[in-house]
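Below: the structure, in structure tokens.
Chains as they are written, first to last, in this note's numbering: chain A, 16 to 86; chain B, 5 to 217.
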């Protein structure tokens, strides 16, 4: 998820997201690689707070078999 | 069940929780219903009050669990007055063999519940952004020729008629001659475009479904 390097703020900060829902697979999937790994912060362009939210959501979704651990 | 009371209590004090459960998909309807009743009882025994229940029905699992590739998903949203009973509830769920997986999550205070339909059909914000981002680069290709932003606005309409010439160009000459034959032509062409749009949408929807599963 390479992000426009000129945009400073993370996109969840733009929408002022307080929580990332693990059930919302469509919102989570862009932050996984094609091998279903979590995209690192320096590629995703997220701030630390929202990166952690995303990571947690992905891990929960994996556990509930909504998204795969490995593709 | 006085719903207003429950809501008031929710807003004031009680923590909200959500419990997602995956049941075996190969159970009969009666068995699944029995299991669901059991789980509801568990929640109620743990001093929980269910305020919403979302049944996702049978879904493909992203990977095999206990040699199963499908699961029956249910989510219970409930409020709790005492959290100490949750341990026992989770223990019961882990013991239960028909429950493949369960996940208990404390929802944030201002959590807005989304049903499955909303999650599936509302495209995520990121997706829509992407589509928007895809469009501008084409314009960007035109940009370097003229650096000023105004010409862009002039050029954009110049491109648009290329796609839909009938709407803008055809009516003018047609009206001069005869109005009657012009009208059906317009309708036909617009119909074709709308058909194409719907076909494109249906095509675009398919890969999404594959990705999800």
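Positions of the beta carbon are idealized from the N, C-alpha and C atoms, including for glycine.
Classification of residue i by the beta-carbon crowding that lies within 10 angstroms, buried from 16 upward
i, result
"residue 24(B)", "buried"
"residue 64(A)", "exposed"
"residue 75(A)", "buried"
"residue 38(B)", "exposed"
"residue 28(A)", "exposed"
"residue 113(B)", "exposed"
"residue 40(A)", "buried"
"residue 22(B)", "buried"
"residue 68(B)", "exposed"
"residue 204(B)", "exposed"
"residue 31(A)", "exposed"
"residue 95(B)", "exposed"
"residue 48(A)", "exposed"
"residue 69(A)", "buried"
"residue 83(B)", "buried"
"residue 98(B)", "exposed"
"residue 41(B)", "exposed"
"residue 196(B)", "exposed"
"residue 61(A)", "buried"
As assigned by DSSP and simplified to three states, the class of residue i
i, result
"residue 74(B)", "strand"
"residue 168(B)", "A caution first: residue 168(B) carries a pLDDT of 47, below 50, which makes its placement in the model too unreliable to give a value."
"residue 82(A)", "coil"
"residue 57(B)", "strand"
"residue 81(B)", "strand"
"residue 28(B)", "strand"
"residue 115(B)", "coil"
"residue 182(B)", "A caution first: residue 182(B) carries a pLDDT of 49, below 50, which makes its placement in the model unreliable, though a value can still be read off. DSSP places residue 182(B) in coil when its eight states are reduced to three."
"residue 86(B)", "coil"
"residue 103(B)", "strand"
"residue 4(A)", "Any property of residue 4(A) remains undetermined from this structure, which presents chain A solely from 16 to 86."
"residue 17(B)", "coil"
"residue 67(B)", "strand"
"residue 35(A)", "coil"
"residue 62(B)", "strand"
"residue 54(A)", "coil"
"residue 63(A)", "helix"
Where residue i meets chain A, residues with beta-carbon distance less than 8 Å
i, result
"residue 80(B)", "Near residue 80(B) there are no residues of chain A at all, since even the closest Cβ is about 13 Å away, more than 8 Å."
"residue 41(B)", "Ordered by position in chain A, no residue passes the 8 Å Cβ test against residue 41(B), which lies about 22 Å from the chain."
Short CB-CB distance (under 7 Å) between residue i and chain A
i, result
"residue 24(B)", "yes"
"residue 76(B)", "no"
"residue 31(B)", "no"
"residue 105(B)", "yes"
"residue 173(B)", "Confidence at residue 173(B) is low in this model, with a pLDDT of 46, below 50, so the placement of that residue should be treated as unreliable; the coordinate-derived value is given next. It does not: the Cβ of residue 173(B) has no partner Cβ on chain A nearer than 7 Å."
Chain-ordered chain A contacts of residue i [CB-CB under 7 Å]
i, result
"residue 66(B)", "80, 81, 82 and 83"
"residue 114(B)", "33"
Partners in chain A for residue i, counting only beta-carbon separations shorter than 9 Å
i, result
"residue 123(B)", "36, 38, 39, 40, 41 and 42"
"residue 3(B)", "Not covered by the structure: residue 3(B). The range shown for chain B is 5 to 217."
"residue 69(B)", "80"
"residue 118(B)", "36, 38 and 39"
Residue i versus the options, residue with shortest Cα-Cα distance
i, options, result
"residue 111(B)", "92(B), 81(B) and 94(B)", "81(B)"
"residue 120(B)", "197(B), 86(B) and 57(B)", "57(B)"
"residue 58(A)", "51(A), 30(A), 46(A) and 69(A)", "46(A)"
"residue 77(B)", "41(B), 203(B) and 106(B)", "106(B)"
"residue 20(B)", "35(B), 54(B), 88(B) and 33(B)", "54(B)"
"residue 51(B)", "32(B), 34(B) and 85(B)", "85(B)"
"residue 60(B)", "123(B), 115(B) and 73(B)", "123(B)"
"residue 70(B)", "92(B), 33(B) and 26(B)", "26(B)"
"residue 109(B)", "26(A), 24(A), 33(A) and 38(A)", "38(A)"
"residue 1(B)", "66(B), 65(B) and 101(B)", "Outside the displayed range of chain B (5 to 217) lies residue 1(B), so it cannot be described from this structure."
"residue 63(B)", "55(A), 44(A), 80(A) and 71(A)", "80(A)"
Within chain B, the residues that residue i reaches when beta carbons sit closer than 8 Å
i, result
"residue 75(A)", "107 and 109"
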